[in-house]
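Visitor: Numbered per this note's numbering, the sequence shown spans residues 4 to 216. Ideal Cβ positions, reconstructed from N, Cα and C, are used throughout, including at glycine. Structure below; questions to follow.
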Amino acid sequence: MGGSRRIAATAVAAACSFAGHQGANGQVVAEPALLTAGIPVSEVFMPYVAFPENAYVLGGMLRFPVSDDVDIGGRAGLWLIDDSKDSPFAGGDVRYSLLSRPLSPGGGQLALSFDFGLGVSDAGETVWKIPIGFIAGIGFVLAGGDSEIFVHPRFDVGLSSGEDDFDAALLLDVGGLFSITPSMGTMIDARFGDGVFGEGDQVVLALAFAWTL
Numbered sequence: 004m005g006g007s008r009r010i011a012a013t014a015v016a017a018a019c020s021f022a023g024h025q026g027a028n029g030q031v032v033a034e035p036a037l038l039t040a041g042i043p044v045s046e047v048f049m050p051y052v053a054f055p056e057n058a059y060v061l062g063g064m065l066r067f068p069v070s071d072d073v074d075i076g077g078r079a080g081l082w083l084i085d086d087s088k089d090s091p092f093a094g095g096d097v098r099y100s101l102l103s104r105p106l107s108p109g110g111g112q113l114a115l116s117f118d119f120g121l122g123v124s125d126a127g128e129t130v131w132k133i134p135i136g137f138i139a140g141i142g143f144v145l146a147g148g149d150s151e152i153f154v155h156p157r158f159d160v161g162l163s164s165g166e167d168d169f170d171a172a173l174l175l176d177v178g179g180l181f182s183i184t185p186s187m188g189t190m191i192d193a194r195f196g197d198g199v200f201g202e203g204d205q206v207v208l209a210l211a212f213a214w215t216l
């Protein structure tokens, strides 16, 4: 990983994390987190679309490793809401690997990670969100690349500039990352549970494309 690529990735992640009052997200809108338990060995770019009720979320996420056990991610996009003001968003998170252990000599990897994020969206009211959770996954090799089936329970804390200024919610993601080639893959992720400030449904589905740079 070259120095220029690291600098560029750092700049993008920092900008997404601290984009300020125009909108920033670490799961600020009604979307799954799209996070696996495994830490990538190189930068990963992931465009995605999510399908909350009466809306679409179009976004992109960039992740890059800072060590063998830690990576940083930034995301940005637009929450397109029917008959309401669309909401731009951006944000970031830090993911820490807590456990990585082979399941058997023949293959398979059990992984556990901790993730902490921060972000804000602005659809008339500025909403900050702090997601905190754990990710458990079973990794395997598919088509020469790293794949994983994962679950991601988390606790969201929401702060708003509106009349209701505080909320909290428990959410659960269930999904999988499936390699197509060693450097490309697809992800499907379903989020269960209503988000803070009534942002979403009981189930929100997302589809993504993962490209290892």
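Mapping the DSSP letters down to three states, classify G1 as helix, strand or coil.
Guide: The question about residue 1 has no answer here: the residues shown for the chain are numbered 4 through 216.
Visitor: In the DSSP assignment, find the beta strand (DSSP E) that holds K132 and state where it starts and stops.
Guide: The sequence position of residue 132 within the sequence shown is 129, counting from 1. 129-145 is the extent of the beta strand (DSSP E) around K132.
Visitor: Pairing CB atoms from the stretch 125-133 with CB atoms from the stretch 98-110, are three or more of them under 8 Å?
Guide: Short answer: they don't touch.
Visitor: Would you give the residue range spanned by the beta strand (DSSP E) that I42 belongs to?
Guide: Here residue 42 refers to the residue found at position 39 of the sequence shown. Counting along the chain, I42 falls outside any beta strand (DSSP E), and DSSP gives it neither H nor E.
Visitor: With H, G and I counted as helix, E and B as strand and the rest as coil, what does DSSP make of G201?
Guide: Within the sequence shown, numbered from 1, the residue matching residue 201 stands at position 198. In the structure shown, G201 sits in a helix (DSSP, three-state: H, G or I).
Visitor: Could you tell me which of M187, E202, D192 sits nearest to V160, measuring between CA atoms?
Guide: For the purposes of this step, residue 160 is identified with residue 157 of the sequence shown, where counting begins at 1. Considering only alpha carbons, the answer is E202.
Visitor: Let me check you understand the geometry: is the CB of F195 closer than 7 Å to at least one non-hydrogen atom of the ligand COA?
Guide: Among the components of this structure there are no ligands whatsoever, and the ligand COA is therefore not found.
Visitor: Helix, strand or coil: which one does DSSP assign to P108?
Guide: What you label residue 108 is simply residue 105 of the sequence shown in a count that begins at 1. Coil.
Visitor: Determine, using beta-carbon pairs with one atom in the stretch 169-182 and one in the stretch 137-153, whether at least three such pairs fall under 8 Å.
Guide: Touching, yes, given that three or more Cβ pairs across the two stretches are closer than 8 Å.
Visitor: Can you list, in chain order, the residues of its chain whose CB lies under 6 Å from that of G62, leaving out five sequence neighbours each side?
Guide: Counting from 1 along the sequence shown, the entry for residue 62 is found at position 59. Y51, R78, G80, listed in sequence order.
Visitor: Flag this pair as yes or no: are the beta carbons of F153 and A139 separated by less than 8 Å?
Guide: Mapped onto the sequence shown, residue 153 falls at position 150. Mapped onto the sequence shown, residue 139 falls at position 136. A contact, by the Cβ cut-off of 8 Å.
Visitor: To the nearest angstrom, report how far apart P253 and V207 are at their CA atoms.
Guide: Within the shown structure, residues of the chain are numbered from 4 to 216, placing residue 253 beyond reach of any answer.
Visitor: Using CA atoms only, rank isn't needed, just tell me which of L65, N57, G76, S70 is closest to S87.
Guide: Along the sequence shown, read from residue 1 onward, the residue named residue 87 stands at position 84. That would be N57, whose Cα lies nearest to the Cα of S87.
Visitor: Looking at the secondary structure, which residues open and close the beta strand (DSSP E) in which P156 lies?
Guide: For the purposes of this step, residue 156 is identified with residue 153 of the sequence shown, where counting begins at 1. From DSSP, the beta strand (DSSP E) with P156 extends over 148-163.
Visitor: Helix, strand or coil for D176? Go by DSSP, reduced to three states.
Guide: In the sequence shown, the residue the question calls residue 176 occupies position 173. The answer is strand: DSSP assigns D176 an E or B state.
Visitor: What residues in its chain sit with their C-beta under 8 Å from that of E166, if we drop five residues either side in the sequence?
Guide: One-based indexing of the sequence shown puts residue 166 at position 163. Nothing meets the Cβ criterion.
Visitor: Find the nearest neighbour of E151 within the set G110, L174, I75, judged by alpha-carbon distance.
Guide: Within the sequence shown, the letter at position 148 stands for residue 151. Answer by Cα proximity: G110.
Visitor: Hey, could you find the ends of the beta strand (DSSP E) A211 is sitting in?
Guide: Sequence index remark: in the sequence shown, residue 211 carries index 208 (1-based). Counting along the chain, the beta strand (DSSP E) containing A211 begins and ends at 206-215.
Visitor: So the beta strand (DSSP E) P68 belongs to, where does it begin and stop?
Guide: For the purposes of this step, residue 68 is taken as the residue at position 65 of the sequence shown. Residues 58-68.
Visitor: If you drop the 5 nearest sequence neighbours on each side, which residues of the same chain put their C-beta closer than 7 Å to that of L37?
Guide: Numbered from 1 along the sequence shown, position 34 holds the residue referred to as residue 37. Counting only Cβ-Cβ distances below 7 Å, and skipping sequence neighbours, we find M49, Y51, M64, M190, D192, A209, A211.
Visitor: Less than 8 Å between the C-beta atoms of G95 and L121, yes or no?
Guide: Residue 95 sits at position 92 when you count from the first residue of the sequence shown. Residue 121 sits at position 118 when you count from the first residue of the sequence shown. Yes.
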